[in-house]
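Just below is one structure, and these are the notes that go with it.
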Amino acid sequence: MSQPREHVKHSPLRMEICWSVAIASVGGATALLALGERAGAVAALVGWALYATVVYRAAVRAELAGFGWASHITLVRGLLVALMIPCLLTPERRPWLPLILGIAALGLDGIDGPVARRTGTAGAFGARFDLETDALTVLMLSALVAAEGRVGAWVLASGAMRYVYVAAGWAWPWLRRPVPPSFARKLVCVLQIAGLLAALLPILGPPWPTAIAAVSLALLVWSFGRDVLGLMRDRGMAESSAAPYLPDRGGV
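Here the working numbering is used: position 191 in the sequence shown is 1006, and no number is missing along the way.
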């Protein structure tokens, strides 16, 4: 028997996420006002609203027992990425701000996983939530590096790679199969974010930003290439008709 509409609408999970998003939104808006970022404030809040909406809908579809502290931390990481949007519109202002926000996001990235494991809330939703927030962080940082003119437009390939991989899965179903856990993949992700942050350092002059971004991109190409080759070797095995990165439940 289906639950009454009113009960589903006001379920504890939905209320928990709504409160978390509301508190984060107030904090983000306050930070934008304090920084005097009027021009980019609307863009930042729109970006945050889109991100929060996707997370909310995915969490509801996953029918989680609770959102969990780790997911709250990941949500804050998404807010920090949204707060970088004004820096993208006016890269000449406050050159240290995106660097500070990015370092904070990277620090929180090292916390949400251990928190999930310690609280017993690790699962498919949290892993996917973390992955997509990582991808969004790389996309934003690569755009910031390009906008500041410190590296050529080719650095945007770092941010686009995850989304190209997902899109390719619609053309080649064997790319939709899950890849085995890999410490190297996680390490490359951290090094990619750290490398883009280093390329944003105002005190770092040429050719270092270009060299660091190039090495980071090469590592990312290697990581994706290794996964693609592994899936290609096994494509003769049974293939899933539904993409593992877009499951009916538990995904973002």
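All C-beta atoms in this analysis are idealised placements derived from N, C-alpha and C, irrespective of residue type, glycine included. Everything numeric in this text was worked out from a predicted model, so none of it was measured.
Assignment of G964 by DSSP, reduced to helix, strand and coil, places it in the coil class. Taking the C-beta atoms as reference points, G922 is found no nearer than 7 Å to A931. In the three-state reduction of the DSSP assignment, F940 falls in the helix class, which pools H, G and I. If you ignore the 5 residues before and after L890, its C-beta comes within less than 7 Å of the C-beta of S835, A839 and V870, all in its own chain and listed in chain order.
In the three-state DSSP reduction, S1031 falls in the helix class (H, G or I). Between Y866 and G893, the C-beta gap is smaller than 7 Å, which places the two residues in contact.
Comparing alpha-carbon positions, the option among L990, I918, V1030 and A1014 lying closest to P1024 turns out to be A1014. Residue burial annotation: V953 is buried, with at least 16 other C-beta atoms found within 10 angstroms of its C-beta. In this structure, V857 is the residue among V857, A999 and S1038 with its C-alpha nearest to the C-alpha of L904.
Spanning the alpha carbons of L1012 and L916 requires a straight line of approximately 10 Å. A straight line joining the alpha-carbon of V1043 with that of L895 spans about 31 Å.
With a cutoff of 7 Å on beta-carbon distance, A885 and T936 are scored as near each other.
For A1028, the closest C-alpha among the options L847, G1010 and A962 is that of G1010. An exposed status is given to T868, since fewer than 16 other beta-carbon atoms sit within 10 Å of its beta-carbon.
For F882, the CB contacts under 6 Å within the same chain, skipping 5 residues up- and downstream, are E831 and I832 in chain order. Taking 7 Å as the cut-off, the beta carbon of L914 is found no closer than this to the beta carbon of A859. Annotated three-state conformation of F882 is coil, per DSSP. Inter-residue distance for A920 and V1030 is about 21 Å (C-alpha atoms, whole angstroms). With distances taken between CA atoms, L879 lies nearest to G938 out of V960, L956 and G938. Minimum Cα-Cα distance from L828 among the listed residues L1002, A958, V960 and A877 corresponds to A877.
Nearest to M976 by alpha-carbon distance, out of W987, S997, H887 and Q1007, is Q1007. According to the DSSP assignment, V875 belongs to the alpha helix (DSSP H) that extends over R853 to A877. CA-CA distance, R872 to P1021, rounds to 44 Å. Counting C-beta atoms within 10 angstroms of its own C-beta, E907 has fewer than 16 neighbours from the protein chains shown and is therefore classed as exposed.
For R1048 and A999, the gap between their C-alpha atoms comes out near 19 Å. Of Y980, G851 and W863, the smallest CA-CA separation from A837 is found for W863.
For the set G984, I1018 and R943, the Cα lying nearest the Cα of P996 is the one of R943.
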